[in-house]
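See below for the structure under consideration.
Residue numbers (our numbering): 29 to 328.
Pasting the structure below:
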């Protein structure tokens with residue numbers, strides 16, 4: 029009702045702050061009531077996660093057949109109970125969130141059981157190095173979840189150099205491009221002198237050289253980071269990564285829920301913003317205007 033106001037006992041109008049359809053989405057996104065409910069979801073999620081971190085780490089080295097099943101049942105049932113009680117996300121959505129997280133992370137849990145917390149980090153390291161060596165791999169190994177947490181500054185430097193390389197390359201191509209047959213050069217395009225182009229090419233060569241060296245250093249830095257982990261550090265890192273994975277899934281579902289609210293209000297706007305009385309009135313005015321034109325032309 030923050031976005032609606034009563035017209036009478038039977039009808040509602042959009043609030044005075046909603047003057048166009050484009051006003052609906054930001055009004056919902058910044059609505060205090062909605063933000064409070066979403067904050068309640070996050071508070072409950074964080075409390076649930078904290079309560080189960082010990083159970084996750086206790087899986088390390090436990091190769092009993094029932095350990096993984098017990099953890100799975102506990103996570104699924106407790107997560108459903110925690111969030112369904114808020115009545116913000118429907119039960120099927122809540123169960124979909126925890127099921128997606130479990131399916132995404134089950135191999136990490138299996139590795140945790142077999143090799144401990146450091147073994148999980150080592151397995152991630154192996155998959156990253158393998159992907160780097162595989163020229164046909166379409167995924168960027170630098171996007172792996174371990175890299176962001178363990179080598180954030182290093183990866184940032186690579187990203188910045190990649191951006192600088194792309195910018196210089198674009199400048200050189202724009203300055204040296206020749207119009208294709210039938211095309212005319214833009215009159216307002218400023219010509220770049222040869223000296224500037226040579227300077228850009230020299231700078232680009234230096235950036236490429238530095239970037240290549242940085243990428244070749246990547247594996248050594250990754251090995252250094254993983255090998256330097258203690259069991260406690262590896263456990264903390266594992267929990268951070270799993271929490272981040274779960275948080276991303278929950279964020280998507282909350283955004284989707286908010287999108288449904290926006291869609292509902294926008295649908296009401298399309299259907300009811302202009303009333304039937306207003307439509308009929310506008311039609312009557314158009315009819316009278318047309319009749320006047322026809323009379324003036326002598327058709328009636």
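Note that beta-carbon positions come from the ideal geometry of N, C-alpha and C, so glycine has one too.
This one's a predicted model, so the numbers in the text were calculated from it and none came from an experiment.
| task | Return helix, strand or coil for residue 316, following the three-state DSSP convention. | result | On the chain shown, position 288 is the one that residue 316 refers to. Helix.
| query | With 16 other CB atoms within 10 Å as the buried threshold, where does residue 169 fall? | reply | As a working mapping, residue 169 is identified with position 141 in the chain shown. In summary, residue 169 is buried, with 16 or more beta-carbon neighbours lying within 10 Å of its beta-carbon over all protein chains present.
| query | Anyone know if the C-beta pair for residue 250 and residue 175 falls short of 9 Å? | reply | Here the question's residue 250 lines up with position 222 in the chain shown. Here the question's residue 175 lines up with position 147 in the chain shown. The answer is yes: Cβ separation under 9 Å.
| query | Does the count of Cβ pairs from the region 150–158 and the region 245–259 closer than 8 Å reach three? | reply | Two segments are said to touch when three or more pairs of C-beta atoms, one from each, lie closer than 8 Å; by this definition the region 150–158 touches the region 245–259.
| task | Could you give the DSSP three-state label for residue 154: helix, strand or coil? | result | Translated into positions along the chain shown, residue 154 becomes position 126. The answer is helix: DSSP assigns residue 154 an H, G or I state.
| field | Per-residue DSSP class, three states only, for residue 121 | value | In the chain shown, counting from the first residue as 1, residue 121 sits at position 93. Of the three classes helix, strand and coil, the one that applies to residue 121 here is helix, per DSSP.
| task | Using 10 angstroms around the beta-carbon of residue 317, count the other beta-carbons present and answer buried if the total reaches 16, otherwise exposed. | result | Here residue 317 corresponds to residue number 289 of the chain shown, with the count starting at 1. A residue is called buried when at least 16 other Cβ atoms come within 10 angstroms of its Cβ; residue 317 does not meet this threshold and is exposed.
| task | In the DSSP assignment, find the alpha helix (DSSP H) that holds residue 267 and state where it starts and stops. | result | For the purposes of this step, residue 267 is identified with residue 239 of the chain shown, where counting begins at 1. Segment 259–300, the alpha helix (DSSP H) holding residue 267.
| Separation of residue 198 from residue 162, as counted between CA atoms | Residue 162 sits at position 134 when you count from the first residue of the chain shown. Residue 198 sits at position 170 when you count from the first residue of the chain shown. Cα to Cα, residue 162 sits roughly 28 Å from residue 198.
| field | Same chain only: Cβ atoms within 7 Å of residue 253, ignoring 5 sequence neighbours per side | value | Residue numbering aside, residue 253 sits at position 225 when the chain shown is read from its first letter. Around residue 253: 178, 179.
| field | 9 Å Cβ cutoff met for residue 107 and residue 70 | value | As a position in the chain shown, residue 107 is number 79, starting the count at 1. As a position in the chain shown, residue 70 is number 42, starting the count at 1. No; because the gap between Cβ atoms is not below 9 Å, this pair is not in contact.
| By the 10 Å Cβ neighbour count, where 16 or more other Cβ atoms means buried, how is residue 137 classified, buried or exposed? | Looking up residue 137 in the chain shown gives position 109. So residue 137 ends up on the buried side.
| task | Figure out for me which residue from 285, 36, 264 has the closest Cα to the Cα of residue 66. | result | Sequence index remark: in the chain shown, residue 66 carries index 38 (1-based). That would be 285, whose Cα lies nearest to the Cα of residue 66.
| query | Hey, how far is the Cα of residue 210 from the Cα of residue 203? | reply | Residue numbering aside, residue 210 sits at position 182 when the chain shown is read from its first letter. Residue numbering aside, residue 203 sits at position 175 when the chain shown is read from its first letter. With a pLDDT of 49 at residue 210, under the threshold of 50, the predicted position of this residue should be treated as unreliable, and no value is reported.
| request: Just list the alpha helix (DSSP H) runs in the region 83–139, keeping only unbroken ones of 4 residues or longer that don't cross its boundaries, in chain order. | output: Entirely contained in the region 83–139, the alpha helix (DSSP H) runs reaching 4 residues are, in chain order, 93–112.
| task | Could you round the C-beta distance between residue 200 and residue 145 to whole angstroms and report it? I think they count as a contact, below 8 Å. | result | Position 172 of the chain shown, counted from the first residue, corresponds to residue 200. Position 117 of the chain shown, counted from the first residue, corresponds to residue 145. Incorrect: roughly 48 Å between the Cβ atoms, too far for contact.
| said: Is it the case that the region 108–119 contacts the region 228–236, given that we only count it when at least three CB pairs across the two stretches are under 8 Å? | reply: no
| task | With a 10 Å radius around its C-beta and 16 neighbouring C-beta atoms as the bar for buried, classify residue 258 as buried or exposed. | result | Along the chain shown, one-based indexing puts residue 258 at 230. Result: exposed.
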